[in-house]
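Comments concern the structure below.
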Amino acid sequence: MERLARLAAALPRGAHAIGSWLLLFLAFVIGYDVLGRKFFDTGSIMLQDLQWHLHGAALMLGLGAAYLRDAHVRVDLFRENFTRRTKLWLEIFGIVLFLIPYASILFWFSIDYVVRAYVTGEGSVAGAGLSHRWIIKSFLTIGFALVVFSAVAVLLRAIDCLRDRDGTSMPFVED
Numbered sequence: 227m228e229r230l231a232r233l234a235a236a237l238p239r240g241a242h243a244i245g246s247w248l249l250l251f252l253a254f255v256i257g258y259d260v261l262g263r264k265f266f267d268t269g270s271i272m273l274q275d276l277q278w279h280l281h282g283a284a285l286m287l288g289l290g291a292a293y294l295r296d297a298h299v300r301v302d303l304f305r306e307n308f309t310r311r312t313k314l315w316l317e318i319f320g321i322v323l324f325l326i327p328y329a330s331i332l333f334w335f336s337i338d339y340v341v342r343a344y345v346t347g348e349g350s351v352a353g354a355g356l357s358h359r360w361i362i363k364s365f366l367t368i369g370f371a372l373v374v375f376s377a378v379a380v381l382l383r384a385i386d387c388l389r390d391r392d393g394t395s396m397p398f399v400e401d
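Take 227 as the starting number for the sequence shown in my numbering and just add one per residue.
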């Protein structure tokens, strides 16, 4: 079980690192495209497609890491008044009943989405845009898998924290 927790924590961290490099590359592509259009009249549909692809890939890779670090949006109307133990149980039930099933369904349906794009040779709707649309669509599948792995890691941390009476092993469950 410890090995699964390490794997579930390592995958989103790796994806986060890759996503960070993608964002850096995205900034370079945007700067190059803007300067080219403004000063050299060299606008490119491919560069604009690439910008959207890089942004989408970085976003999907960052979802799992965001959940793992508790950097996502929470709407806590009542939770703030609960005890640490109750917060842990809420987290566990939320992961098991909602997050893992929902992300798993999205993962499952995204596979067909990618396969269809690959089989049909789907490309950009713009004639001069990027081909191989299945590559960017595959980041949906990867992203949802990373969310499931992150959810398992947080679930295992929450269970471990329930065994630990002071709750110090789970940083996002605040008093």
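Note that CB positions come from ideal geometry on N, CA and C, so glycine has one too.
Buried versus exposed, by CB contacts within 10 Å (16 or more), E306: Translated into positions along the sequence shown, residue 306 becomes position 80. Looking at its Cβ environment, which holds fewer than 16 other Cβ atoms inside 10 Å, E306 is exposed.
Cutoff 7 Å; reference M272; Cβ partners in own chain excluding five residues on either side: Translated into positions along the sequence shown, residue 272 becomes position 46. Counting only Cβ-Cβ distances below 7 Å, and skipping sequence neighbours, we find A354, G355, L356.
A236 versus F375 - alpha carbon distance: To locate residue 236, count along the sequence shown from 1; it is residue 10. To locate residue 375, count along the sequence shown from 1; it is residue 149. Those two C-alpha atoms are separated by around 9 Å.
Endpoints, the alpha helix (DSSP H) within which V378 is located: On the sequence shown, residue 378 is found 152 positions in, with the first residue counted as 1. Residues 359-389.
Residues near A241 in its chain [Cβ-Cβ closer than 7 Å; skip 5 each side]: Walking along the sequence shown from the start, residue 241 turns up at place 15. Excluding residues within five positions, the ones whose Cβ falls inside 7 Å are L287, G290, A291, L372.
For R295, the first and last residue of its enclosing alpha helix (DSSP H): Sequence index remark: in the sequence shown, residue 295 carries index 69 (1-based). Run containing R295: none; DSSP gives neither H nor E here.
C-beta contact flag for I385 and I318 at 9 Å: Here residue 385 corresponds to residue number 159 of the sequence shown, with the count starting at 1. Here residue 318 corresponds to residue number 92 of the sequence shown, with the count starting at 1. Yes; because the gap between Cβ atoms is below 9 Å, this pair is in contact.
Run of the alpha helix (DSSP H) containing G269, from where it starts to where it stops: If you number the sequence shown from 1, residue 269 lands on position 43. Element bounds for G269: n/a, residue is neither H nor E.
Rounded distance between the beta-carbons of A284 and L248, thought under 8 Å: Indexing the sequence shown from 1 puts residue 248 at position 22. Indexing the sequence shown from 1 puts residue 284 at position 58. Rounded, the Cβ-Cβ distance is 4 Å, consistent with contact.
Buried or exposed (CB count within 10 angstroms, at least 16 for buried), K264: Sequence index remark: in the sequence shown, residue 264 carries index 38 (1-based). Per the 10 Å Cβ criterion, exposed.
Rounded separation between L261 and T268 - CA only: Stepping through the sequence shown from its first residue, residue 261 is reached at position 35. Stepping through the sequence shown from its first residue, residue 268 is reached at position 42. Cα to Cα, the separation comes out at about 9 Å.
Burial state of T367, where buried means 16 or more other Cβ atoms lie within 10 Å: Numbered from its first residue, the sequence shown carries residue 367 at position 141. With 16 or more other Cβ atoms within 10 Å, it is buried.
Short Cβ contact (9 Å threshold) for Q277 with I244: Taking the sequence shown and counting its residues from 1, one reaches residue 277 at position 51. Taking the sequence shown and counting its residues from 1, one reaches residue 244 at position 18. Going by C-beta atoms, Q277 is not nearer than 9 Å to I244.
Check whether A379 and L294 have beta carbons under 9 Å apart: Here the question's residue 379 lines up with position 153 in the sequence shown. Here the question's residue 294 lines up with position 68 in the sequence shown. Against a cut-off of 9 Å, the Cβ pair of L294 and A379 comes out as a contact.
Where S330 sits in the DSSP three-state scheme: On the sequence shown, residue 330 is found 104 positions in, with the first residue counted as 1. Helix, per DSSP.
Buried versus exposed call for D338 [16 or more other C-beta atoms within 10 Å across all chains shown]: Here residue 338 is taken as the residue at index 112 of the sequence shown, counted from 1. It is exposed - the Cβ of D338 has fewer than 16 other Cβ atoms within 10 Å.
Buried or exposed (CB count within 10 angstroms, at least 16 for buried), R359: In the sequence shown, the residue the question calls residue 359 occupies position 133. It is buried - the Cβ of R359 has at least 16 other Cβ atoms within 10 Å.
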